[in-house]
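Chemist: Residue numbers (this note's numbering): 412 to 1382.
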Amino acid sequence: MIKHFKKRVRQMKHGGVRQKAQSLLEFALVLPFLLLLIFGVIEFARLLQAYLAIENGARFGVRYAITGDYDPAFCASAAAALDLEEEDLADGVIDCRVPETYDDHEEMTNALIDWARLPSIRQASLQGAIGISFDPDPTVTGDYETFLANPQDPLSHENRGNPGAKRYLGMNICSNRYNPETDTAYRLDPNPFYYPGHEGEQNYLYPIYCQAYSPTFGTVSYFTDDAGAPGNRVQIRLTLRHELITPIINTWWPTIKIEAAREGIVERFRTSRVSGLTNPLTLAPTWTPIPPTGTVTPTITLTPTADPCTGGSQILREVWTDISGGSVNDLRNADRFPDEPDQVGYLGSYEAPTNVGDYYGQRVHGYVCAPYTGQYTFHLASDDGGELWLSVDENPNNAVQIASVPGWTTSRQWDKYSEQQSIPLNLIGGRWYYISALMKEHAGGDNLAVGWTGPEAMGLGGITVIQGQYLRPAAQSTVPTRTLTPSTTPTPTPTLTPTPEFFDCNGTGALNEIWWNINGSYVSSLTSNARYPLYPDVQQIITDLDHGRNIANNYGQRTRAYYCAPYTGEYHFWISSDDRSELWMNTSGTDPLMRTRIAYFNSWTYPDTWNARAEQRSAVINLQAGQLYYLEALHKEGSGSDHLQVGVSYFGSDDPNDVVIIDQEWLFPVDPGPPPVDPQTCPNTSSLLREYWLNIGSGRNVSDLTSNPLYPNSPSGFDYVYSAAVPINWANNYGNRVRGWLCPPYDGEYTFFIASNDQGMLYLSTDDTPGNANLIAWTPNNSTTGLTEWFRYASQRSVTITLQGGEEYYIEFLHKERSGSDHCNIGWSGPYMDTISIINGQYLIPMTPQPTPTPTVTPTPTVTRTATRTLPPTQTLTPSRTPTPSRTPTRTLTPTRTLTPTRTLTPTRTLTPSRTPTRTSTLTPSRTPTRTNTPPRTPTFTPTMTRTPSRTPTPSITPTPTESPTPPIIG
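#1: Are the beta-carbon atoms of Ile1237 and Tyr1161 separated by less than 8 Å?
#2: So, with DSSP's three-state summary, where would you put Phe789?
#3: Roughly how many angstroms separate the alpha carbons of Ile1250 and Leu742, rounded to a whole number?
#4: If the criterion is Cβ atoms closer than 8 Å, does the pair Asp546 and Asn570 meet it?
#5: Output the boundary residues of the alpha helix (DSSP H) element that contains Val1113.
#6: Can the beta-carbon of Ala484 be found closer than 8 Å to that of Thr864?
#7: Relative to the alpha-carbon of Gly542, which residue among Ala596, Leu435 and Tyr462 has its alpha-carbon at the smallest distance?
#8: Assuming Pro1087 and His1054 make a contact with CB atoms under 8 Å, what is their CB distance in whole Å?
#9: Which same chain residues, not among the five before or five after Lys851, have their C-beta less than 7 Å away from its C-beta?
#10: Going by C-alpha to C-alpha distance, which of Asp915, Ala972 and Cys780 sits closest to Leu356?
#11: For Leu649, I'd like the list of residues in its chain whose CB is within less than 6 Å of its CB, leaving aside the five on either flank, ordered along the chain.
#12: Which of helix, strand or coil does DSSP assign to Val803?
#13: Out of Tyr974, Pro764, Ala1044 and Asp1158, point me to the one whose CA is closest to Gln1035's CA.
#14: Out of Glu762, Leu440, Tyr770 and Val934, which has the shortest C-alpha to C-alpha gap to Arg1008?
#15: To the nearest angstrom, report how far apart Thr831 and Leu791 are at their CA atoms.
#16: Among Ala976, Asp1065, Arg823 and Arg644, whose alpha-carbon lies nearest the alpha-carbon of Ile676?
#17: One question on the structure: do Val1059 and Phe1012 come within less than 8 Å of each other, judged by their Cβ atoms?
#18: What's the gap between the Cα of Ser1248 and the Cα of His1234?
#19: Can you list, in chain order, the residues of its chain whose CB lies under 7 Å from that of Pro510, leaving out five sequence neighbours each side?
#20: Tell me the residue span of the alpha helix (DSSP H) that contains Tyr555.
#21: Ala469 by DSSP, collapsed to three states: which one?
#22: Can you give the Cα-Cα distance for Arg1446 and Glu1223, rounded to whole angstroms?
#23: Nearest by alpha-carbon distance to Glu1228: which of Gln646, Asp769, Leu1116 and Leu945 is it?
#24: For a minimum of 3 consecutive residues, which ranges assigned as the beta strand (DSSP E) are wholly contained in the region 508-577?
#25: So which of Tyr946, Trp825, Asp955 and Ser1194 has the shortest CA-CA distance to Pro1083?
#26: Please determine, among Ser802, Ala854 and Trp800, the residue with the shortest C-alpha to C-alpha distance to Trp819.
#27: Going by DSSP, what residue range makes up the beta strand (DSSP E) through Asp600?
#28: Using the beta-carbon count (16 or more within 10 Å), is Arg960 buried or exposed?
#29: How many angstroms separate the CA atom of Asp826 from the CA atom of Asn809?
#30: Quick one: any contact between the region 1090-1104 and the region 1120-1137, if contact means 3 or more CB pairs under 8 Å?
#31: Under a three-way DSSP split, which group does Ala814 fall into?
#32: Distance check for Ser1125 and Gly1108, CA to CA, integer angstroms please.
#33: Among Leu871, Ser536 and Phe1163, which residue has its Cα nearest to the Cα of Leu580?
#34: If distances are taken between C-alpha atoms only, which option among Pro817, Gly862, Ala868 and Arg883 comes closest to Tyr844?
#35: With three or more beta-carbon pairs closer than 8 Å as the criterion, would you say the region 1183-1194 touches the region 1162-1170?
#36: Using three-state DSSP, classify Met1244 as helix, strand or coil.
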């Protein structure tokens, strides 16, 4: 019996072991399926997110495409791709608009806008597809702008990426546009095209693409995208090669293609030649490659251009005291937050004062402007806790948290927590975004700062506190006055009533001017017309800003007045029009030169429609009761109905129902000024001489140029600029000297401006003698401005200077660049000028470059435009066989300028006519300027003269440098 029992026990023990082993085996068998299930749930969520993002991207893209809008940041690329840089820059700014002085200005303008619309649509699509995981590397996704700049014939894979690569993102924009003048139409081509080396592999099949073809002959012209014209149908298609992460499955199926497409009909954003309903997009029947036509489109090097962040200066700071706790929620839960701050002020950068107190919270909020289109990363530092919020637009309700400080950091300590840094965010250059930083201090040290990094063109070199030029304050919280209204009940009921200070302005109206018979529907069609602004067909005083109801076709109008603010507080200004319009205002006073565009309408709408587009409404503007502010409305009508309305809403209301038309009670007309007179002219106007010094060190100031041993006698080279501006983004570590004579067109008072990156200095003489030149405007040491940012520093603007029309005044400006972006522009305003403009070549006379008296320096130019000529090692700046003018004064500038004690300018004009074909002339330097009665600046032309001076000085045929080159005369 006992023996049997022991045997039974041994059997039970062995069975238990077997049971445990069986459980482990079953778990091991189930575990892979469990993991696959978990990964499957994650994978499904990723697929759903990618699909929704792609769908949303296509939806955003088509909604943007049908408006006809475009981002001006892409105008530089458009002008370069279409070889229309000179035409677009003719009005002094790259803005996709060609002045009417060109016969085909409307066609060129339309072409520039249509090109710029394409990358703008792609940008809008990517914003809609936020969160999508794609690889922007050109080898994966391609280079869209370069693809557009080089229309393909036949189709190739160049700049189109690899459709089989993980996280590839392809985009196609195509319309059914047809141009009968060129017999060109667009259609979708679904025929297969594979990445080279993978023919027939479906994973490497490119998405459907757009082709231009001739409907008459059925031949393909080239392959490119097209966004259509008003009335056309446009399709946006996004294709993503989504990467799978589920183990095992991703070895068999590493990616999956997700695609979305949306169509829409383009709105009437310009005068349309299309009538009736639009046809659907067509498909190409077969893919028939056409041999190249032999027309080679050069590769364009795209240089990013900063977009103006007009109105930037500071940001609003609000403080709540006597609140305990170190968490932002402690501030957010306070009864007085957000409407009743204890302190309100403004900051010149996105950094609050440090170590100012305990037990307080603050909100620093307003709007941030991106100077370039591209990716930005935001950084937050605070003590104690902090949060950073950013909106996708100017609406605070759309803000999302992008960074935070969970504990505390020291001042500008950007890297203590991973949460302090946002993900890279795509922002559009020149556009404003609402931004808000919250911070709560308990005790001890305290600080708050917001920094950013951005596109390389900004030249930040690391995380930098956001400066005031990119910031605009939010409106202060409006706290109504508590007025106790007695009642029959024992406890009075407090009634909150706003009590603004009203002012009786007793205005008389606004000045309205009309120009008839101007084609086009863009405001630029008016402002670029030769008759604008001096020769309006109508000048009248109107009693309110509701003017022009169906009065004519093909006209433009300008309405100007001084707006009298009826109360102190917040305003929104609104504009409504058919066709396009712009609203400009000086929000600080009456000077028209300081006006900025506060609202615009880039399409058309019906009267009294104030909410068709967000840009109809200005941002919040704070005005003082009884003060006058310059206000200007521009309007251009093409054909059909027309109107122009300007309204205002009070107390910061952004409700369109609160808009009222501005009437004469609040308006005083601008004085139209005297009737225009004929301008005075000078002979030989065309340009200014530019001399440049390369590789002269990393300094940012003009003194780094003038103290260099090579200055002023040994420049690296010279050329001519046909306005008072140096080339943009031309080089690093170099300096410029630009000089000649200015010929003002009218008698009167002029004001001069300088905008530069890095430092620039402007000199003007009291006559045509260089020795009488004085420093009149400059940018401060170690400073930069935007291209036409004329008011960042007080020193950029000269005092008012009285000049005589038709007289010559010596002008010179110096510029030093370190690295990154570079420019130096000279603007002016004066009689019959209603805005600041860069001085055009028609008012400029170039100086003649001089040979080096002692040719001991051997420059090594880095740019050579004349391949057949080289510079002998012992000669500098001595072009030969160049006609010389016939004026003989020898001008010597003595170094009397205090800011540049080392300058020695010897601009000699030795105009000795030649006797022989060798055309040698004798230099006669003198320490004092002399005058002769020889005719002024009369050039002698030779067959070798060109309009583009070489950057490499051409050597003289004779061994001794004896001649001075004459700049080319345009005309």
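Beta carbons: idealized from backbone N, C-alpha and C, even for Gly. Since this is a predicted model, take the numbers as computed values, not measurements.
Modeler: The short version:
#1: Within the sequence shown, the letter at position 826 stands for residue 1237. Within the sequence shown, the letter at position 750 stands for residue 1161. The Cβ atoms of Ile1237 and Tyr1161 do not sit closer than 8 Å to each other.
#2: Position 378 of the sequence shown, counted from the first residue, corresponds to residue 789. Under the three-state reduction of DSSP output, Phe789 falls in the strand class.
#3: Taking the first residue of the sequence shown as 1, we reach residue 1250 at position 839. Taking the first residue of the sequence shown as 1, we reach residue 742 at position 331. One C-alpha to the other measures close to 53 Å.
#4: By 1-based counting over the sequence shown, the position of residue 546 is 135. By 1-based counting over the sequence shown, the position of residue 570 is 159. Cβ atoms of Asp546 and Asn570: not closer than 8 Å.
#5: Sequence index remark: in the sequence shown, residue 1113 carries index 702 (1-based). If you look at Val1113, you'll find it in the alpha helix (DSSP H) that goes Val1113 to Thr1117.
#6: For the purposes of this step, residue 484 is identified with residue 73 of the sequence shown, where counting begins at 1. For the purposes of this step, residue 864 is identified with residue 453 of the sequence shown, where counting begins at 1. Cβ distance not < 8 Å, so Ala484 and Thr864 don't count as in contact.
#7: Position 131 of the sequence shown holds residue 542. Measuring from the Cα of Gly542, the nearest candidate turns out to be Tyr462.
#8: Against the sequence shown, residue 1087 aligns to sequence position 676. Against the sequence shown, residue 1054 aligns to sequence position 643. Between His1054 and Pro1087 the Cβ distance is about 29 Å, and since that is not below 8 Å, they are no contact.
#9: Taking the sequence shown and counting its residues from 1, the one referred to as residue 851 is at position 440. Within the same chain, Cβ atoms closer than 7 Å to the Cβ of Lys851 are found at Gly736, Gly737, Ser738, Val739, Asp741, Leu742, Gly772, Asp795 and Gly796, the five residues on either side in sequence being excluded.
#10: One cannot answer for residue 356 here, as it falls past the ends of the chain, which runs 412 to 1382.
#11: As a working mapping, residue 649 is identified with position 238 in the sequence shown. Excluding residues within five positions, the ones whose Cβ falls inside 6 Å are Ile465, Gly468, Ala469, Met582 and Ala671.
#12: Residue 803 sits at position 392 when you count from the first residue of the sequence shown. The three-state secondary structure of Val803, taken from DSSP, is coil.
#13: For the purposes of this step, residue 1035 is identified with residue 624 of the sequence shown, where counting begins at 1. With distances taken between CA atoms, Gln1035 lies nearest to Tyr974 out of Tyr974, Pro764, Ala1044 and Asp1158.
#14: Along the sequence shown, read from residue 1 onward, the residue named residue 1008 stands at position 597. Considering only alpha carbons, the answer is Val934.
#15: Along the sequence shown, one-based indexing puts residue 831 at 420. Along the sequence shown, one-based indexing puts residue 791 at 380. Looking at the sequence provided, one finds Gln at residue 831 rather than Thr. Answer to the nearest angstrom: the Cα atoms are 5 Å apart.
#16: Within the sequence shown, the letter at position 265 stands for residue 676. Closest by C-alpha distance to Ile676, out of Ala976, Asp1065, Arg823 and Arg644, is Arg644.
#17: One-based indexing of the sequence shown puts residue 1059 at position 648. One-based indexing of the sequence shown puts residue 1012 at position 601. Between Val1059 and Phe1012, the C-beta gap is not smaller than 8 Å, which leaves the two residues out of contact.
#18: Locating residue 1248 in the sequence shown gives position 837, counting from the first residue. Locating residue 1234 in the sequence shown gives position 823, counting from the first residue. Answer to the nearest angstrom: the Cα atoms are 15 Å apart.
#19: Reading the sequence shown from its first residue, position 99 is the one you call residue 510. Cβ-Cβ distances below 7 Å link Pro510 to Ala501, Asp502, His516 and Ser939 in the same chain, with the five nearest sequence neighbours on each side left out; the list follows chain order.
#20: Along the sequence shown, read from residue 1 onward, the residue named residue 555 stands at position 144. That run of the alpha helix (DSSP H) goes Tyr555 to Ala560.
#21: To locate residue 469, count along the sequence shown from 1; it is residue 58. Reduced to three states, the DSSP call for Ala469 is helix.
#22: No answer is possible for residue 1446: the residues shown for the chain start at 412 and end at 1382.
#23: Working through the sequence shown from its first residue, we reach residue 1228 at position 817. Out of Gln646, Asp769, Leu1116 and Leu945, the CA that lies nearest to the CA of Glu1228 is found in Leu1116.
#24: List check, beta strand (DSSP E) in window: nothing returned.
#25: For this step, residue 1083 is matched to residue 672 along the sequence shown. That would be Tyr946, whose Cα lies nearest to the Cα of Pro1083.
#26: For the purposes of this step, residue 819 is identified with residue 408 of the sequence shown, where counting begins at 1. Ranked by Cα distance from Trp819, the options Ser802, Ala854 and Trp800 are led by Ala854.
#27: Your numbering for residue 600 matches position 189 in the sequence shown. Taken as a continuous stretch (DSSP letters only), the beta strand (DSSP E) holding Asp600 covers Thr595 to Asp600.
#28: Counting from one through the sequence shown, the residue named residue 960 turns up at place 549. Arg960 counts as exposed, since fewer than 16 other C-beta atoms from the protein chains shown sit within 10 angstroms of its C-beta.
#29: Along the sequence shown, one-based indexing puts residue 826 at 415. Along the sequence shown, one-based indexing puts residue 809 at 398. Going from the Cα of Asp826 to the Cα of Asn809 covers about 27 Å.
#30: With contact defined as three or more Cβ pairs closer than 8 Å, the region 1090-1104 and the region 1120-1137 are in contact.
#31: The count along the sequence shown starts at 1 and reaches residue 814 at position 403. Correct three-state label for Ala814: strand.
#32: Numbered from 1 along the sequence shown, position 697 holds the residue referred to as residue 1108. Numbered from 1 along the sequence shown, position 714 holds the residue referred to as residue 1125. In a straight line, the C-alpha of Gly1108 is about 16 Å away from that of Ser1125.
#33: The residue given as residue 580 occupies position 169 in the sequence shown. For the residues Leu871, Ser536 and Phe1163, the minimum Cα distance to Leu580 belongs to Ser536.
#34: Mapped onto the sequence shown, residue 844 falls at position 433. Put simply, of Pro817, Gly862, Ala868 and Arg883 the residue whose alpha carbon is nearest the alpha carbon of Tyr844 is Arg883.
#35: Between the region 1183-1194 and the region 1162-1170 there are three or more inter-stretch CB-CB distances shorter than 8 Å, so the stretches are counted as touching.
#36: Mapped onto the sequence shown, residue 1244 falls at position 833. In the structure shown, Met1244 sits in coil (DSSP, three-state: anything other than H, G, I, E or B).
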